[in-house]
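The structure appears below as C-alpha cells.
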Amino acid sequence: MSIWPVLALAGGTFAIRAVGPQIRDRVRLSERATVLMAIAATTLLFALTITATVYKGVGDFAGWSRIIAVVFAGFLAWRKVPFALVVIAAAATAALLRLLGLS
Amino acid sequence: MFSMKNMRSIWRTADARLWRDVLAVAATASLVGASFGAIAVAAGMPVWLCCVTSLVVFAGGSQFMMVGILAAGGGPVAAVLAALVLNARHLPFGLAIGHLISDNRLGRLLGSHVLIDENTAFVLAERDPERARALYWVAGGCFFVLWNLGTLVGAYGGDQLGDPAAFGLDAAFPAAMFALLLPALRDRNTVRAVLLGGAIALAVTPLVPAGVPVLLALVGLLVVRRTPATKETVPA
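Taken in sequence, the protein lines are chains L and G.
Count along the first sequence from 1, add 277, and you get the number used in our numbering.
Count along the second sequence from 1, add 7, and you get the number used in our numbering.
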C-alpha cells in the first residue's frame, strides 16, 4: 500500500476543513445566514447521529441493543443527567443487552 | 502568531466539568483508533503508514473507508474520492463554527485540522463563546492524541482488548451526539429541518454511497421559515 492515497486524502480533507473557517474570516455573514449555518450543521450532525444509531457498515441494521441504548441516553439527557454519565450509561446499556443475548 | 493569550484563556476556561465531558467521549476514540490500526495492518498497511494516516487525515470514518476499499482491490482514486465524500460535511461545520476557533488567521488554519463531529457538536451546544473555544480545542486535542495513540497500539497488535461493540462503545458516539444536540432542538425551525433531514438520511442510507445520506439531509433546510429564529424559540 503506497503513501499517495493517504497524502491525497489528507490534503483534500484539510482543504475541506479549512474552507469554512477561512470564509468566516473574510466574509461578514448576515444574521439570517449565521442562523442557517448553525441549523445546517445541526441537521448534518443529527443525520449522522441517527444513521449511526440505526445502521452499521453500509446500510446493515445495527441491532436493537444500540438503538435502545441511544434512546435511553436521550431520555437521560432530557432529564438533565450530567453528560459524562449519559455517555457511560449508553455504553453500559448496549453492553448489558448484548450480554443478555440481544443483537 | 497562534497567540499565548489565546492558549492561556483556553486553559483558564477549561474547568473540571469541561474536561470530564470531553474525556467521557474521547476515551472511545482510543479504542476505535486501535481497531483502525489493527484493520489497516491486517489489510497490508505498514505500521508507520497507519500512524501517518491517523496523524495527517484524522477523520476516522474516511480512514476506515479508504483502507477498506483498497483492501478489497479498489483503485486508489476511487478510494480517496469515496473517503472525501464522507468528509464533505466538515465544510458546513467550518462555516457554522469557524469564527469561534481563534481570533487570528493562523490559529484558524491550524485549528482546522482538529475540526471533527464531536467538537462541532460541543461548540454548537455552548452559548458562551469563550467556553465554546475552550471546548473546541480541548475536545479536538484530546481526540487527536487518543485517536493517534490508539492507532499506534492497534497497529502493533494491541487490539486484543476485544470487539468495541462488546463494551457498547458503538452506542457511546450517537448517545453523546444526541445529548449535545438536544438543547438546539428547542428551536422550531431547527426541529423542522432536523426531522426532515434525518428522515431522508435514514431512508436513503441503504441505497446510496456512504457519506451521501448525511449530505442529503441538508434538503431539510428547505423547510426553515424566514421568520427570525429568536421569535421561534418562544414556547407555544
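Where is the CB? At the ideal position from N, CA and C, for every residue including glycine.
Within 10 Å of its beta-carbon, does residue i have 16 or more other beta-carbons around it, so buried, or fewer, so exposed?
i                : result
Pro53 (chain G)  : exposed
Val144 (chain G) : In the sequence on display, residue 144 (chain G) carries Trp and not Val. Buried, since its Cβ has 16 or more Cβ neighbours within 10 Å.
Phe338 (chain L) : exposed
Glu125 (chain G) : buried
Val84 (chain G)  : exposed
Pro213 (chain G) : exposed
Asp177 (chain G) : buried
Met11 (chain G)  : exposed
Glu137 (chain G) : exposed
Val29 (chain G)  : buried
Ala236 (chain G) : Because the pLDDT of Ala236 (chain G) is 49, which lies under 50, any placement of that residue in the model is unreliable, and the number read from its coordinates should be weighed accordingly. Classification of Ala236 (chain G): buried, given that the 10 Å Cβ count is 16 or more.
Ser109 (chain G) : buried
Pro190 (chain G) : exposed
Leu377 (chain L) : exposed
Ser61 (chain G)  : buried
Arg309 (chain L) : exposed
Val227 (chain L) : Since the first residue shown for chain L is 278 and the last is 380, residue 227 (chain L) is missing from the structure and cannot be characterised.
Ser279 (chain L) : exposed
Arg305 (chain L) : exposed
Ala173 (chain G) : exposed
Given this structure, state the Cα-to-Cα distance separating residue i from residue j, to the nearest angstrom.
i                : j                : result
Ser307 (chain L) : Val230 (chain G) : 19 Å
Leu113 (chain G) : Ile17 (chain G)  : 16 Å
Asp135 (chain G) : Thr127 (chain G) : 14 Å
Met14 (chain G)  : Val226 (chain G) : 38 Å
Ala210 (chain G) : Arg19 (chain G)  : 45 Å
Ile381 (chain L) : Leu223 (chain G) : Outside the shown range of chain L (278 to 380) lies residue 381 (chain L), about which nothing can therefore be said.
Ala49 (chain G)  : Ala372 (chain L) : 26 Å
Ile104 (chain G) : Asn111 (chain G) : 14 Å
Arg375 (chain L) : Ile365 (chain L) : 16 Å
Leu202 (chain G) : Arg27 (chain G)  : 30 Å
Ala179 (chain G) : Leu159 (chain G) : 22 Å
Asp194 (chain G) : Phe352 (chain L) : 19 Å
Arg115 (chain G) : Arg356 (chain L) : 36 Å
Ala182 (chain G) : Arg303 (chain L) : 35 Å
Ile151 (chain G) : Val121 (chain G) : Residue 151 (chain G) is actually Phe in this sequence, not Ile. Their Cα atoms are separated by approximately 7 Å.
Leu192 (chain G) : Gly80 (chain G)  : 43 Å
Ala33 (chain G)  : Ala146 (chain G) : 7 Å
Ala318 (chain L) : Ala367 (chain L) : 24 Å
Asp170 (chain G) : Gly82 (chain G)  : 29 Å
Ala324 (chain L) : Ala162 (chain G) : 31 Å
Pro99 (chain G)  : Met314 (chain L) : 7 Å
Ala354 (chain L) : Leu25 (chain G)  : 16 Å
Ala206 (chain G) : Gly289 (chain L) : 29 Å
Ile327 (chain L) : Trp55 (chain G)  : 34 Å
Ile316 (chain L) : Ile345 (chain L) : 27 Å
Thr320 (chain L) : Ala350 (chain L) : 19 Å
Gln299 (chain L) : Ala369 (chain L) : 41 Å
Leu284 (chain L) : Thr311 (chain L) : 33 Å
Ile123 (chain G) : Trp281 (chain L) : 23 Å
Which residues in the same chain as residue i place their Cβ atom closer than 8 Å to its Cβ, once the five residues preceding and following it in sequence are excluded?
i                : result
Gly67 (chain G)  : Ala36, Val39, Gly40, Phe43 and Trp154
Leu228 (chain G) : Ala200 and Gly204
Leu156 (chain G) : Ser37 and Gly40
Tyr332 (chain L) : Phe338 and Ala339
So, for residue i: in the same chain, excluding its five sequence neighbours on each side, which residues have a beta-carbon less than 7 Å away from its beta-carbon?
i                : result
Val92 (chain G)  : Pro216, Gly218 and Val219
Val64 (chain G)  : Gln70
Val74 (chain G)  : Ile46, Ala47, Ala50 and Met52
Arg343 (chain L) : Thr330 and Ala371
Cys149 (chain G) : Val29, Leu30 and Ala33
Phe291 (chain L) : none
Cys57 (chain G)  : Gly44, Ala47, Val48, Thr158 and Ala162
Using the three-state DSSP reduction, which class does residue i fall into: helix, strand or coil?
i                : result
Asp22 (chain G)  : coil
Asp337 (chain L) : strand
Tyr163 (chain G) : coil
Among residues of its own chain, excluding the 5 on either side of residue i, which ones have a beta-carbon nearer than 6 Å to its beta-carbon?
i                : result
Arg96 (chain G)  : Val221
Ala141 (chain G) : Ile17, Thr20 and Ala21
Ala139 (chain G) : Leu107, Val130 and Glu133
Asn94 (chain G)  : Ala66 and Ser69
Leu379 (chain L) : Trp341 and Ser342
Gly164 (chain G) : none
What is the C-beta distance between residue i and residue j, in whole angstroms, given that I count them as a contact (C-beta under 8 Å)?
i                : j                : result
Leu77 (chain G)  : Ala89 (chain G)  : No, Leu77 (chain G) and Ala89 (chain G) are not in contact; Cβ-Cβ is about 11 Å, not under 8 Å.
Phe185 (chain G) : Val358 (chain L) : Phe185 (chain G) to Val358 (chain L), Cβ: 13 Å. No contact.
Leu322 (chain L) : Leu188 (chain G) : 6 Å
Gly297 (chain L) : Gly101 (chain G) : 2 Å
Phe360 (chain L) : Ala31 (chain G)  : 7 Å
Ala287 (chain L) : Ser119 (chain G) : The Cβ separation is near 12 Å, so there is no contact.
Please tell me whether, using a cut-off of 6 Å, the distance from the CB of residue i to the nearest non-hydrogen atom of the ligand GTP is below it.
i                : result
Arg375 (chain L) : Ligands in the displayed structure: none, and consequently the ligand GTP is not present.
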